[in-house]
Amino acid sequence: MNARRFRLGMLTLLAAGAGIAVVVTLLSVLVRPEARLRWDLSSGGQAGVSERTAEALANLPEGTRAVAFLRPEDQRLRINGNLVYPRAFARLRALLEDARIRARGKLELVVLEEFSSPVDWTRWEDELEREPLEVLILDVPDGGRRKFIFNELFLATDPTPDGRPARLTQERVDSALGDAAVRLASGEALQAGIVSGYGQPRLDADRGLRPLVQLIRSEGLDTIEVSGPASEEEFDVLVVIGQTAPFQASDLEAARNWIHAGRPVLLALGPTAPVEVLQQWNELLGETGLQFGSGLVCEARPRAGAPPGTSAVATLDIASGQLSGQHPVTQVLADSGRAQGLLAARPLRLEGGSNAYLRTPLMLTTGDAWADLDRDYAPGPGELRQSFPLAAAAERWEAQEPSVAGRTVVLGSVISLTGPRLPFVQEFTSGALRWLAGQDAAPSGLVSLTSLPLRLERTDQVRITNILTLGIPGLTLLVALLVYWRRRR
């Protein structure tokens with residue numbers, strides 16, 4: 010009898026110890042900053058504004074004001090008693106307060122609530138020329154001003170006819186505030202002239218160049234659509250993406266004069282570019298030493314299940330070690346361990362050119378890549394495996410103003426800059442735009458991947474939730490049943 014009680018006591022003690030160990034282990038893991046789950050709508054793993062936004066706000070002149078008008082005005086979002094506005098306004102207050110603290114005294118914050126004094130509402134609305142539905146206005150002393158409506162800061166679903174209310178799905182406060190601060194801090198923004206008259210992807214299409222246009226604007230540049238380099242519109246950076254027809258004589262001469270004058274150029278031509286277009290640009294870029302090669306760059310990816318002979322080998326993963334750690338465009342990416350992804354890329358060549366130019370390959374494949382010429386997606390005769398440049402930059406040796414320093418960035422992929430593929434090269438594109446605009450000394454806001462908090466996929470989050478809510482009580486119930494069964498015996 011005593012032995013039975015002893016065994017029962019030991020079993021109970023062992024089960025209790027195991028349960029305590031599981032709880033302690035889970036809590037010790039989840040409490041660490043690097044492994045903490047962030048249940049925030051931004052999906053960015055941060056409770057406040059990012060380093061990029063904080064730095065941009067700190068560069069604004071003293072006396073900059075952020076005025077929030079927190080009054081629910083969109084009746085569509087108030088149907089069926091939803092909580093869109095209270096939740097969004099609470100998040101906006103927290104982010105604005107964090108921005109004020111981290112702006113080094115440059116930002117004055119004014120928050121007008123729904124029940125604030127009508128005199129204050131009238132005063133600020135008249136002074137800032139507020140329009141209906143605007144919830145945030147960023148105002149700088151020199152007259153620059155950026156206004157935000159609710160939909161620019163938050164995304165919400167529409168209420169349904171069956172009585173389901175609107176729901177808040179995502180926030181964009183940090184990116185919107187950071188983009189506005191960058192543009193206001195840069196003073197008179199440079200103009201990026203995007204050529205659209207020679208078969209380029211549409212600038213107003215989500216699967217075209219609209220995301221790229223938004224990215225250009227987020228880096229502090231204004232965009233203007235031009236028919237060609239000879240356009241009468243004035244611009245500072247020439248952007249040519251996916252040209253499919255050769256330049257006419259006037260535009261060809263204007264492009265030649267532009268490059269000879271050392272003006273900034275961002276150029277992307279993919280493997281489907283016509284031979285005439287390639288010949289024109291190789292001739293125009295002859296002085297810089299940047300040339301477009303032939304074929305489609307492929308690279309076997311056994312770990313991803315893409316052996317030679319399948320089109321998936323045209324999807325290229327560029328690790329941080331394959332990025333130039335010496336050039337301003339990619340130095341931060343290489344140092345912070347950021348990889349990039351390209352799809353359907355043409356190889357580049359760095360050859361010839363004037364001694365007045367410095368040429369740098371920005372992206373390189375591994376030595377296991379080949380330039381596919383017959384579209385069989387497998388290395389054949391004359392298709393040797395070697396390392397290919399996929400992106401390159403050139404500039405003049407002599408120290409000059411960026412606007413006439415001959416800064417040129419060439420990319421061998423077009424589809425990577427369009428639609429849903431842009432996020433895979435967004436950091437590279439942002440670095441290229443800053444360098445072309447002469448803003449490469451500004452902080453990029455990127456941090457090392459190892460210093461970012463752990464962000465799990467939704468399925469992993471659900472699995473952990475199930476363990477916490479079902480596993481621990483279930484284990485306790487199982488132990489209780491086992492003890493009850495032993496006692497019944």
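Okay, so the sequence shown: first residue is 10 according to our numbering, each after it adds one. Positions of the beta carbon are idealized from the N, C-alpha and C atoms, including for glycine.
Cβ-Cβ separation between A353 and S422: approximately 6 angstroms, consistent with a contact (criterion under 8 angstroms). In the same chain as L491, and ignoring 5 residues on each side of it, the C-beta atoms closer than 8 angstroms to its own belong to L20, A24, in chain order.
Judged by beta-carbon spacing, Q289 lies beyond the 8 angstroms limit of L247, meaning their Cβ atoms are not closer than that value. With a cutoff of 8 angstroms on beta-carbon distance, L212 and S205 are scored as near each other. If you draw a straight line from the Cα of T319 to the Cα of D381, it comes to about 12 angstroms. When T281, A99, L230, D245 are compared, the shortest CA-CA separation from A254 is found for T281. A321 and Y386 have their alpha carbons spaced roughly 9 angstroms apart.
DSSP, read as helix, strand or coil, puts Q84 in helix.
Burial of P398 is indicated by the presence of at least 16 other C-beta atoms within 10 angstroms of its C-beta. Judged by beta-carbon spacing, I268 lies beyond the 8 angstroms limit of L287, meaning their Cβ atoms are not closer than that value.
Each of L305, F78, E292 was checked against the Cα of R384, and the nearest Cα belongs to L305. At least 8 angstroms separates the beta-carbon of R416 from that of P220.
Under DSSP, G251 takes part in no beta bridge, so it has no partner. Annotated three-state conformation of P280 is coil, per DSSP. E82 is a Cβ neighbour of P141, given a cutoff of 8 angstroms.
For I203, the beta-bridge partners assigned by DSSP are E234, V248. Distance from the CA atom of P238 to the CA atom of I203, rounded to whole angstroms, is 9 angstroms. Residue A414 holds the alpha-carbon nearest to the alpha-carbon of G271 among L35, T232, A414, S236. Among the bridge pairs identified by DSSP, W379 is matched with C307. Each of I225, Y493, T485 was checked against the Cα of A30, and the nearest Cα belongs to T485. In the three-state reduction of the DSSP assignment, F124 falls in the coil class, being assigned neither a helical nor a strand state.
Taking a contact as a CB-CB distance under 8 angstroms, the pair R155 and L193 counts as one, their CB atoms being some 6 angstroms apart.
Scanning the stretch 117–184 for uninterrupted alpha helix (DSSP H) segments of 4 residues or longer gives 127–137, 159–162, listed from N- to C-terminal end. In this structure, the beta-carbon distance from L86 to A175 falls below 8 angstroms. With respect to A108, T62 sits close: the two C-beta atoms are nearer than 8 angstroms. Under the three-state reduction of DSSP, V492 is assigned to helix.
In the DSSP assignment, the residues bridged to R74 are E117, D148. The beta-bridge partner set that DSSP reports for D326 consists of G350. Nearest Cα to E143 within the set P150, T478, G153, I158: I158.
Closest option to G330, judged by alpha-carbon separation, among N160, F78, T375: T375.
Assignment of beta-bridge partners to Y366 by DSSP yields R405. Note: L359 is bridge-paired with L299 in the DSSP secondary-structure output. Secondary structure at P411: helix, using DSSP grouped into helix, strand and coil. In this structure, DSSP gives A112 a state outside helix and strand, which the three-state scheme calls coil.
Cβ contact annotation for L162 (same chain, cutoff 8 angstroms, sequence separation greater than five): A97, L101, V144, L145, E180, R181, V182, A185, in chain order. I250 is positioned such that its CB atom lies no closer than 8 angstroms to that of P283.
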